[in-house]
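Residue numbers (the working numbering): 23 to 598.
Cβ atoms here follow ideal geometry from the backbone N, Cα and C, with glycine treated the same way.
None of these values were measured; they are calculated from a predicted model.
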Amino acid sequence: MIKTLSKIYQFSGKMQGTMKKAILFSVLHSLFDMMSFGALAMVFSGLTDGFTTSMIWMIFGITLASMLLKIYCSYISDFGKVQIGYFMCAEKRIHIGDRMKYMPMGYFNDHNLGNLTSVVTTTMGDIENNASMVLTNILGGYIHAAIITIVMLCIDWRIGLTILCGILLFTWCIGRLQKKSETVSPQRQQAQEALVSNVLEYVQGMLIVKSFNLGQNSNSKMRQAILDSKDKNLKLERTFVPYNMLQQIILYGTSILVIVEGLYFYLNGTMALSICLLMTVASFMLFSQLQSAGNTSALLRLLDVSIDKVNEIDKTPVMDEHGKPVKPENYNIVFDDVSFSYGEHQVLDHVSLTIPERTVTAIVGPSGAGKSTLCNLIARFWDVDGGKITIGGVDVRDYTLDSLLTNISEVFQKVYLFADTIENNIKFGNPAASHEEVVKAAQKACCHEFIMSLPDGYGTVIREGGATLSGGEKQRISIARAILKDAPIIILDEATSSVDPENENLLMGAIAELTKNKTVIMIAHRLKTVRNADQILVLSGGHIVQTGKHEDLIRQPGIYADFIGIRKKAIGWKLK
Ligand SMILES: Nc1ncnc2c1ncn2[C@@H]1O[C@H](COP(=O)(O)OP(=O)(O)OP(=O)(O)O)[C@@H](O)[C@H]1O
C-alpha cells in the first residue's frame, strides 16, 4: 500500500506541492473534527455535573468554529484533489505526446494503436479521476484514525486499545484485498486495451466491412472484446465486494464493541457516566474517514497497474538522447555498409551507396525489396543494425532528431492529413509561415485553385486522414507542405494509384517545383522520372544490384531492363 501511495505521489510530478497541501488540509479537517468531539465531551460533562454559562458559550463556539474550519479545509482539500488529477494527467499526456516523436518506429510496431490509445485515454482517465482522491483519502483516513487512537488512549486506555485493534484488523483486510486484486487488475487493464484496439480496428476497417458485406461476422472480435471487458470488470468487482464488506464489519464491530465496553466499564464503576455517554454517541463517528479510505483502497492496485503502464511509455528510450544539433556542411548522403532487419527479417544486407547533393536518385526494385525502408533509414525512423548512414559526413545518429529532420522532407504515397484547416495542414511544414507563404506554396504545388473552390478556402476544415479529399488533392497538399518546409533533402515516394491523367500533369508540376535544386531520393514508379534521374539504384534481395544512368542500365541484362520492359508494356496497355 505504501509503495503504491508513494508511486501516486511521484507520478503527480509538478503537482506534488498541491498534493501536499490537499493532504495537509485533510489532516487539519481531522483535527477540527476532533474539536467537535471535545464539544460533545463538554456537553456530556455538563449533563452529568451541570452547565455554566461560559461552558455553554464555549460549546457553541467550539462547535461553530469546528464546523466552519472543516468546511474550509474540505473545500481546499477537495479542490486540490480535482486540480491534481486533471493537471498531472494533462501534463503527462503532453509529455508522452512530445516523447513519441522521438521514439523509434519499432516501438509503434511492437505496441499497437489500440494499446497506446487505451493508455492515453482510459488508463490515464482512471488515474485522473482516482489517484489524488485515493492518496488523500487513505492518508487522511489513517491520520484521522491515528489521532482518534491517541485521544482515546488518553481518555481511557482500554477503549483506545480496542480501537487500535480494530484499525490493525482493518489494515490487514486492505492488505488482503491488495493481494487478491494483484492478478485481476492487470487482466482488467488488458481487457480494456483489447476493447479499445478492437473498436478502433472496426471503425478504421468500416470501408472493407461495407464493401465485402461482412455484416455480423465483422464485429465478432469487437463483440468478444466487449464481453471480455465486462467479465473482467465484474471479476474485479466480485473480488472487491467481500473485502469491502469485511472492512465494514470490522469497523462497525469495533464501534459496537466500544459501546459495550463503555457500558460495562460504567456499570462496574471504572468509567464516569459522561465518558460512557461520550463513547456511545461518538462510537459511530470514529471511523467515518477510515471507512471512505477503505472504499477507495480497492482502487489502489488498479492505479498501481495504470501508473506502471503510463511510466512504461514514458520511460521508453528516445532516439536522440546523445545527439547534438548539427548543421551539415553539405547534403551528400552516404550508406556505408548498412544492414537492417525488422526483427528476424533482414531487408538490407551490407548496402553501400552515395547520393551526391543536388542530384536526383531514383530507387527501383521489386515490391518488398526495401525501397521505403532504405528511405526511412535516412530520416532515422529506424536505426541501422550495422554500418552507418551519414549526411554531410555526420552519422545521422549523432544529430538530434530535430536538427536531422529540419534537413529532410518526406512525401509519402499514403498521405495523412490532420482534422484541421487546409492552411494548418500546409503549415505543418513550417508553423511560423504567414498566410501569403502558405498560398505561394499551394500555388507551386498546383493546389491553390481547388482550395479556393472549397466553401471556406484555406479555412476549410478537412476530416481526419483527409477523408473529404481525393487522393490527388491530398497528394498536392502534402507537396505544398513539403515546399513550405523547404528542406534541402527531399524523399519522395512517387504516387501511382491516386493519379488520373488530369491530376498527373498537376502532380508532376508540383513535384518539379518541390525538387528544384534539392537532393532528391525518389522511389520511382514512372518511366519518365526514372529516365531523367541522375542516378538509378536497383534494389533487390537486400542488395544494390545495379547502379547507373538509364542509358547505361537499359543496355545491361538484369532487373532494370526487365523493369523497364514491364513499364513500357504497362504504358502501351494503358494507352490502347
Ligand atoms: N514496419 C515494418 N515491420 C516489419 N516489417 C516491415 C515493416 N515495413 C516493411 N516491412 C517488410 O520489409 C520489407 C521491405 O518493405 P518496404 O516497404 O521497404 O519495401 P518496398 O520495396 O518499399 O515495397 P513496395 O514497393 O511494395 O512499397 C517487406 O518484406 C515488408 O514486409
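Item, Value
"Residue span of the beta strand (DSSP E) that contains K410, given as start and end", "G408 to I413"
"Same chain only: Cβ atoms within 8 Å of N539, ignoring 5 sequence neighbours per side", "R380"
"Assigned secondary structure, T145 (DSSP; H/G/I helix, E/B strand, else coil)", "helix"
"The stretch 137-146 in contact with the stretch 328-345 per 3-pair CB rule at 8 Å", "yes"
"Rounded C-alpha distance that separates D4 from N159", "Residue 4 falls outside the range modelled here, since the chain spans only 23 to 598, and no answer is possible."
"is_contact[R121, chain C] using C-beta, thresh 8 Å", "In summary, chain C is missing from the structure at hand, where a single protein chain is found."
"Supposed close pair D508, L423 - CB separation, criterion 8 Å", "Between L423 and D508 the Cβ distance is about 19 Å, and since that is not below 8 Å, they are no contact."
"Span of the alpha helix (DSSP H), counted from its first residue to its last, around D330", "L322 to D336"
"Any non-hydrogen atom of ligand 2 closer than 7 Å to Y364 Cβ", "With respect to ligand 2, the structure shown offers nothing to examine, as its ligands consist of ligand 1."
"Span of the beta strand (DSSP E) around G570", "H565 to G570"
"Euclidean distance between Cα positions of Y288 and C195", "32 Å"
"A555: CB within 7 Å of a non-hydrogen atom of ligand 1", "no"
"Spatial neighbours of V65 in its chain, beta-carbon cut-off 8 Å, leaving aside the 5 residues before and after", "I81"
"Buried versus exposed call for N220 [16 or more other C-beta atoms within 10 Å across all chains shown]", "buried"
"L514 - containing alpha helix (DSSP H), residue span", "That residue, L514, is in no alpha helix (DSSP H); its beta strand (DSSP E) goes I511 to D515."
"Opening and closing residue of the beta strand (DSSP E) in which T383 lies", "V382 to V386"
"Given 8 Å, three or more beta-carbon pairs between the stretch 315-335 and the stretch 141-161", "yes"
"Delimiting residues of the beta strand (DSSP E) encompassing T541", "T541 to I545"
"Identity of the residue in S431, K436, F434 and V461 nearest I17 by Cα", "As displayed, the chain neither begins before 23 nor continues past 598, which places residue 17 out of reach and without an answer."
"Straight-line Cα distance separating S431 from S385", "The sequence given here has Ile at residue 385, not Ser. About 17 Å."
"Range of the contiguous alpha helix (DSSP H) that encloses V263", "S242 to L289"
"Reduced DSSP category for D178 - H, G, I as helix; E, B as strand; rest coil", "coil"
"With 16 other Cβ atoms within 10 Å as the buried cut-off, status of R323", "buried"
"Inter-residue spacing [alpha-carbon to alpha-carbon] between E150 and I512", "43 Å"
"Distance cut-off 7 Å: K540 Cβ against heavy atoms of ligand 1", "no"
"Outcome for E471 when other beta-carbon atoms lying within 10 angstroms are tallied against a minimum of 16", "exposed"
"Assumed close pair L427, I411 - CB separation to whole angstroms, cut-off 8 Å", "That pair is no contact at about 14 Å."
"Presumed contact (8 Å Cβ cut-off) between T318 and V206, rounded CB distance", "Contact doesn't hold; Cβ gap of about 17 Å is too wide."
"Near ligand 1: G531 beta-carbon under 7 Å from a heavy atom", "no"
"Near ligand 1: T383 beta-carbon under 7 Å from a heavy atom", "no"
"Cut-off 6 Å between Cβ atoms - residues of its own chain near S328, not counting five sequence neighbours on either side", "T145, D148 and I149"
"Contained alpha helix (DSSP H) runs [length at least 4] in the stretch 408-477, N- to C-terminal order", "423-427, 444-449, 457-466 and 470-474"
"Contact under 8 Å by Cβ, F450 with R503", "yes"
"Own chain, CB closer than 6 Å to F109, minus 5 neighbours either side, in chain order", "M37"
"Under the three-state DSSP convention, the category W595 falls into", "Residue placement at W595 is poorly supported in this model, since its pLDDT is 36, which falls under 50; the coordinates are not used for a value here."
"Beta-carbon proximity of T85 to S48, cut-off 8 Å", "no"
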